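Working notes, beginning with the structure itself.
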Amino acid sequence: MSLDVSGLKMYYRTVRGDVRAVDDVTFSIADGEIMGVAGESGCGKSSLGNSLVYLAGRMKYVGGTVELDGAPLPIWDFEAMNQYRFSRVSVIPQYAMSALNPTRRVGRMLEELLKSRGFDYGSLQPELLRRLELVGLDAEVLRLYPIELSGGMKQRTVMVISTLLDPSLLIADEITSALDVSTQKAVAKMLVEFRDRGFVKSMAVITHDISILYQVADTILVMYGGQLAEKASAAEIIEAPRHPYTKLLISSLPEIGVRYETKKLHGIPGTPPALLDPPKGCRFRDRCPLVSEACRRTPPFREVAAGHHVACWQVAA
Amino acid sequence: MSALLELERCTKVYRVGSFGTRRLTAVSDVSFDVRAGEVVSLIGESGSGKSTIGRMILRLSPVTSGTIRFKGDDVSTYSDHRLKAYYRHAQGVFQDPFSSYNPVYKADRVLELVKIAYFPHVDRATWRSKIEASLEAVSLDPGQVLHKFPHQLSGGQLQRLLVARALLLDLEFLVADEIISMLDASTRIDVLNLLGALKARGLGILFITHDLSLGNYISDRTLILRRGAVVESGPTSEVFGDPRHPYTRSLLAAVPHLHQKWGNDTSYGFDSEQVPTALVPVGPDHLARVAV
Amino acid sequence: MIPGISKKGEGADSALRETVYFALHNRKLVVGLGITLFMLLFALVGPLFAQHPPLEYGGHLSVAPTTRDGYWFGTTLLGQDVYAQFVNGLRLAFVVGAIGGGIAALVGMVVGFTAGYRGGVVDEILNMLTNVVLVIPTFALLLVIAAYLKVRGVMTESIFIGLTSWPWAARALRAQTFSLTSRDFIGLARLSGERSSRIIFTEIAPNMSSYLFMMFILLFGGAILIAATLDFIGLGPSNTISLGMMMQLSVQNAALQLHLWWWFLPPGLAMMAIVGSLYVMNVGLDEVFNPRLRSM
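Residue numbers (our numbering), protein chains in the order written: chain U, 691 to 1007; chain S, 46 to 337; chain X, 1482 to 1777.
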């Protein structure tokens, strides 16, 4: 197993109390697996991804364990994580546009980054150039300032930089959101290519766009209100979802070919719960068409079929 | 049926650089029309000029050349009180719900602004029932959205409130500029269905988006915009079912489907900007841009 | 952004309460405000206790502070009551700050808002105007004015300061206005038939209220400082006495060498206290208004 997360809890400290962004999350990513993390705003998927790499500002580690390739990953310890970051665990952040230092040429920034980690830029340069070429970028890119690159070019540059040291785990946080549809396809396909060529062992691709996940991910993890709702292969999530939330979500996505006149789609009424003081029990309770008395207790995230986990009392094993 | 809104050879050129010496053409020679009771999608990627067209129609941005006719009258030169009369019938809703509201005021102030400008002499009770009717038309509960600040409401509620605001007037034409891009998937479709309901009431809607599936779901006619120029236009079923322009085809090939994996990459090199082109009919009401 | 929390706020009342809470607990703000208010109180009430007119030559020369005859701050080399001069100067300082700072703020707002909202040609013209006023050598200008106006009052000085210190405020406001104008709610206001002037005052300015407030405080303190500088080099009002002029006269009359500390120390300390506390107050306000600067 590449990544094993067990009972992870990450809360945000605020004046008004703890925001329970990631509340008791357990899952695994196998070697070579691309796992998509899907969910809407406020579900905690970005918090989950980020917590595996660094604790930003107000985020606080509350409990749970994380193991990477069999050894514990000390995500609560900023200093200790330094030796893992970039080399074993890496992240392609949201808004790659702002991830590049605007006052540095790209090559210079990379050189400084590698030096700070104790790596020699010179010895890595041939591989760097090979990878840039792979994603369709000229070596020229290294001599440009970020402002001279287009959005798609910046995204690809950040992808190459983030994976240069062949990390075991790559977290891609909403990397296709701000891109045009044609660039989106190219970038998403690039992720798969990186995995296929062994640049990255396993990936967690975080996005709200489930259709992209269907195209590139092996499995999809659906999050809701800081907790896990369902995890299964991408095909099963799309074609045979079991959790009520997943079902409603999938049925609300318009595909090319579906028209308003012929088949009117419906959304999910209501809003996700605020994570400051979340309701007890199943967090989807207030919007769920299958709600019952049992839902007052938090349903366990358990395996109901081979490789298919669901957290819902209404789904029989 | 005569057109509600008609654009004829509209062009927008920006002056950039120091002292405005360089020229940037954002929209180039665009013509189309929107009829009452139909939704027209304007589909383009970033930099295609689609938002600029929306702003020109709403006169938030001056037109460099060309005319924009609303029910036959040229509005591209309107100002002040004639513009105000135009806004009685044509309104817009934009992409970012949180940018559309002034954060220091309550959200329902946008409704109040309409009263001050267009219904100054209406008494409170009548106004109140008018608001409630509008909110009901967009499926909003007055108790949940009135007297609240923008940050207390969700994106979906804010966007619907903007539509409700537009309905307070004698709305005939609506520009919906990426209105659901920033909403969650589960609320998007409800707001989109709202546009369908408005269409059924006889409104003409220009739906600006980069998302082809949304355009396909809701619109009757579609225009594909690339770098400020229309490359293909026609009934939605035709443009999506039988795309003639290579750009349209490449866009459709890039859309992530839910039950079908992507094909292999087809690069679409036709960047010959220098070749003169024109829109020619390729089917009934179906136009595509070809080299001439 | 912290997920799942923005929807549960309680609106402006709690935002106001939160601001007040942080304001009352911010030491810089409390101390700065305290000192400023104390000096203001002194300026308002102090003159009631002065027993001699500030410019009167009383006859007792270079007397150290004493309770006799009400010379609490002593007298100058020329027999004038230092206390009377001091409280008079204190009042003038606040007047110059309010009027000079007020005029600068007003002009800065008009120019900045218009340039930022309109853009285009209007912006370029106003920019040129701002730059011209910025580079005018105020010292030389004042010399010319001093040559023409034999009698100059505090009002003249305040107006002069106001009309020459607005450029940086205009620049800052223009930049802020630019970024606000691009927000959609401005477009929506136009779609609601609101006129440009109304938009500036009801949509844009309220969004910058904390910024405008802090800007005014800076202009206020700045005006006092500029007035003190002008007074010190002899270009102050010709018909009264201010703190800066007290400093000037004491230096001119070798008060330091003659150990007449009561002549220059009070005005110097007072000016330091007022301007210093205003700036400290501003730093504190910045922390209160800008949540990211707050040390949790």
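All C-beta atoms, glycine included, are put in the ideal place defined by N, C-alpha and C.
Computed from a prediction, not measured in an experiment: that's the story for all the values here.
Proximity test, Cβ basis, 9 Å: residue i and chain S
i: G1490 (chain X); result: Confidence is the limiting factor: at G1490 (chain X) the pLDDT is only 43, short of 50, which leaves the residue's position unreliable and the question unanswerable from this model.
i: G947 (chain U); result: yes
i: E730 (chain U); result: yes
i: L955 (chain U); result: yes
i: N1771 (chain X); result: no
i: L1497 (chain X); result: no
i: I928 (chain U); result: yes
i: S942 (chain U); result: yes
i: M1777 (chain X); result: With a pLDDT of 40 at M1777 (chain X), under the threshold of 50, the modelled position of this residue cannot be trusted; read the value that follows with caution. M1777 (chain X) does not count as touching chain S.
i: Y785 (chain U); result: no
Test item: CB-CB of residue i and residue j under 9 Å
i: A868 (chain U); j: I719 (chain U); result: no
i: S47 (chain S); j: G117 (chain S); result: yes
i: S942 (chain U); j: S231 (chain S); result: yes
i: L219 (chain S); j: V138 (chain S); result: yes
i: L1542 (chain X); j: L1559 (chain X); result: yes
i: V1761 (chain X); j: V1512 (chain X); result: yes
i: F804 (chain U); j: L860 (chain U); result: The sequence shown places Leu at residue 804 (chain U), rather than the Phe named in the question. Taking 9 Å as the Cβ cut-off, L804 (chain U) and L860 (chain U) do not qualify as a contacting pair.
i: A1524 (chain X); j: L1571 (chain X); result: yes
i: A1585 (chain X); j: G1643 (chain X); result: yes
i: A209 (chain S); j: L240 (chain S); result: no
i: L822 (chain U); j: L834 (chain U); result: no
i: C733 (chain U); j: Y914 (chain U); result: yes
i: K844 (chain U); j: A786 (chain U); result: yes
i: Y751 (chain U); j: S741 (chain U); result: yes
i: V781 (chain U); j: Y744 (chain U); result: yes
i: S264 (chain S); j: V84 (chain S); result: yes
i: Q140 (chain S); j: I234 (chain S); result: no
i: A1670 (chain X); j: L158 (chain S); result: yes
Cut-off 8 Å between Cβ atoms - residues of its own chain near residue i, not counting five sequence neighbours on either side
i: A924 (chain U); result: G726, L903, Y904, A907, D908, T909 and I910
i: V61 (chain S); result: R67, R68 and L69
i: A1627 (chain X); result: R1633 and L1716
i: L248 (chain S); result: A81, G82, L216, E217, F218 and L219
Chain-order list of residues whose beta-carbon lies under 7 Å from that of residue i (same chain, five-residue window excluded)
i: R289 (chain S); result: E277, V327 and A333
i: P989 (chain U); result: C972, A1001, C1002 and W1003
i: G997 (chain U); result: A922 and S923
i: T1619 (chain X); result: T1645
i: P1534 (chain X); result: A1565
i: S1487 (chain X); result: Residue placement at S1487 (chain X) cannot be trusted, given a pLDDT of 44 that sits under 50; what the coordinates show is reported in the next sentence. Once the five neighbours on either side are set aside, S1487 (chain X) has no close Cβ partner at all.
i: I851 (chain U); result: L800
Cβ shell of residue i (< 6 Å), same chain only, five flanking positions each side left out
i: G1593 (chain X); result: A1651, L1654 and R1655
i: S1719 (chain X); result: V1632 and R1633
i: D153 (chain S); result: L191
i: Y146 (chain S); result: A152 and P195
i: R205 (chain S); result: V183 and L185
Residue i at chain X interface by Cβ criterion, 9 Å
i: T141 (chain S); result: Sequence check: residue 141 (chain S) is Asp here, not Thr. Cβ-Cβ to chain X under 9 Å: yes for D141 (chain S).
i: L52 (chain S); result: no
i: G137 (chain S); result: yes
i: R68 (chain S); result: no
i: L191 (chain S); result: no
Interface flag, residue i vs chain B, CB-CB below 9 Å
i: E823 (chain U); result: The displayed structure is made up of protein chains U, S and X, and chain B is not among them.
Minimum Cβ-Cβ distance from residue i to chain U less than 9 Å
i: P291 (chain S); result: no
i: P4 (chain S); result: Only positions 46 to 337 of chain S appear in this structure, which leaves residue 4 (chain S) out of reach.
i: G241 (chain S); result: yes
i: A323 (chain S); result: no
Q) Listed in chain order, which residues of the region 1658-1683 of chain X have Cβ atoms closer than 8 Å to some Cβ of chain S? A) R1664, D1665, F1666, G1668, L1669, A1670, R1671, L1672, S1673, G1674 and E1675
Q) Got a sec: which bits of the region 259-288 of chain S sit with their beta carbon under 7 Å from any beta carbon on chain U, in order along the chain? A) L259, N261, Y262, I263 and F285
Q: May I ask you to list, following chain order, the residues of the region 891-910 of chain U that have a beta carbon less than 9 Å from some beta carbon of chain S?
A: Per Cβ criterion, the list reads H898, D899, I900, S901, I902, L903, Y904, Q905 and V906.
Q. Going along the region 1686-1705 of chain X in order, which residues come within less than 9 Å of chain S, judged by CB to CB distance?
A. P1687, N1688 and S1690
Q. The region 145-170 of chain S: which residues have C-beta closer than 7 Å to a C-beta of chain U, in chain order?
A. Taking 7 Å as the Cβ-Cβ cut-off against chain U, none of the residues of the region 145-170 of chain S qualify.
Q. Could you give the uninterrupted runs of the alpha helix (DSSP H) lying entirely in the region 1713-1758 of chain X, keeping only those of 4 residues or more?
A. 1724-1733
Q.
Counting only Cβ-Cβ distances shorter than 7 Å, please list the residues of the region 91-105 of chain S near chain X, keeping chain order.
A. Only L103 and L105 from the region 91-105 of chain S bring a Cβ to less than 7 Å from some Cβ of chain X.
Q) Of the residues that make up the region 818-842 of chain U, which ones have a beta carbon closer than 8 Å to any beta carbon in chain S? A) G841
Q) Which residues, in chain order, does the region 854-883 of chain U contribute to contact with chain S at a C-beta distance below 8 Å? A) Against chain S - using a Cβ distance shorter than 8 Å - the residues of the region 854-883 of chain U are D870, V871, S872, Q874, K875, A876, A878 and K879.
Q: Could you list the residues in the region 116-138 of chain S with a C-beta less than 7 Å from some C-beta on chain X, going in chain order?
A: Residues K129, Y132, Q136 and G137.
Q. According to a CB-to-CB cut-off of less than 7 Å, which residues of the region 956-979 of chain U neighbour chain S?
A. H956, G957, I958 and T961
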